[in-house]
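In this note's numbering, the protein residues as written are 243 to 407.
Below is the structure:
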């Protein structure tokens with residue numbers, strides 16, 4: 243799978259968050275607990291949403307939100323106390339009506355090694371009822387798949403399989 247040699251990221255145009263592994267992230271086996279990666283992914287997705295004009299407050303005002311329906315994680319290497327990490331995400335699908343997907347990659351900053359690959363499927367819900375509801379136009383526009391990534395995903399079935407989406 244192609245990797246950007248400078249960042250270790252699988253694709254360009256990622257939205258990224260950076261952090262340093264804290265003592266509270268570490269479990270009894272002296273590495274980052276698996277549940278922490280999920281939190282990092284969620285935080286990165288929320289930061290990305292805010293960056294495209296959809297902070298939590300705007301979603302509440304619209305009575306719409308993207309709820310996780312399914313998440314798959316593939317752990318590749320451990321992160322340890324003090325490691326700098328980059329959490330990257332890309333929108334990989336958006337039907338403009340109800341569903342969207344994100345792909346995640348967690349990379350250790352100092353050696354660009356991939357620590358985790360993940361994918362989440364989302365469904366738009368009415369926050370007041372928790373039931374599926376058509377996404378507002380601004381969601382469809384904000385959560386667009388980057389055209390170059392879309393072309394690669396459509397053209398390369400083996401890439402889609404490797405990406406667990």
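Built from N, CA and C at the ideal position, the CB exists for glycine as well.
Assuming residue i and residue j make a contact with CB atoms under 8 Å, what is their CB distance in whole Å?
i	j	result
residue 334	residue 369	Going by Cβ atoms, the distance from residue 334 to residue 369 rounds to 24 Å, so no, they are not a contact pair.
residue 358	residue 279	5 Å
residue 365	residue 311	5 Å
residue 309	residue 344	That pair is no contact at about 13 Å.
Beta-carbon within less than 7 Å of residue i's beta-carbon, same chain only, minus the 5 sequence neighbours each way: which residues are those?
i	result
residue 269	275
residue 256	330, 331, 332
residue 253	332, 391
residue 248	none
residue 387	333, 334, 335, 336
Using a Cβ-Cβ cut-off of 8 Å (strictly less than) and excluding sequence neighbours within five positions of residue i, which residues of its own chain qualify?
i	result
residue 398	none
residue 322	263, 268, 272, 273, 274
residue 316	358, 359, 360, 406
residue 295	380, 384
residue 282	259, 261, 327, 329, 348
residue 244	With a pLDDT of 48 at residue 244, under the threshold of 50, the modelled position of that residue is not reliable, and the figure given next carries that caveat. Closer than 8 Å at the Cβ level, and outside the excluded window around residue 244, lie 252.
Please classify residue i as buried or exposed, where buried requires at least 16 neighbouring CB atoms within 10 angstroms.
i	result
residue 260	exposed
residue 318	exposed
residue 266	exposed
residue 362	buried
residue 285	exposed
residue 293	exposed
Quick one: residues in its chain with C-beta nearer than 6 Å to the C-beta of residue i, no 5 flanking neighbours on either side, listed in chain order?
i	result
residue 385	333, 336, 342
residue 325	263, 350
Contact the segment 296-306 vs the segment 349-358: 3+ CB pairs below 8 Å: no
Contact the segment 327-345 vs the segment 370-384: 3+ CB pairs below 8 Å: yes
Contiguous beta strand (DSSP E) assignments of at least 3 residues, all confined to the segment 243-321: 257-262, 306-317
Complete alpha helix (DSSP H) runs within the segment 309-395 (minimum length 4 residues, chain order): 379-384
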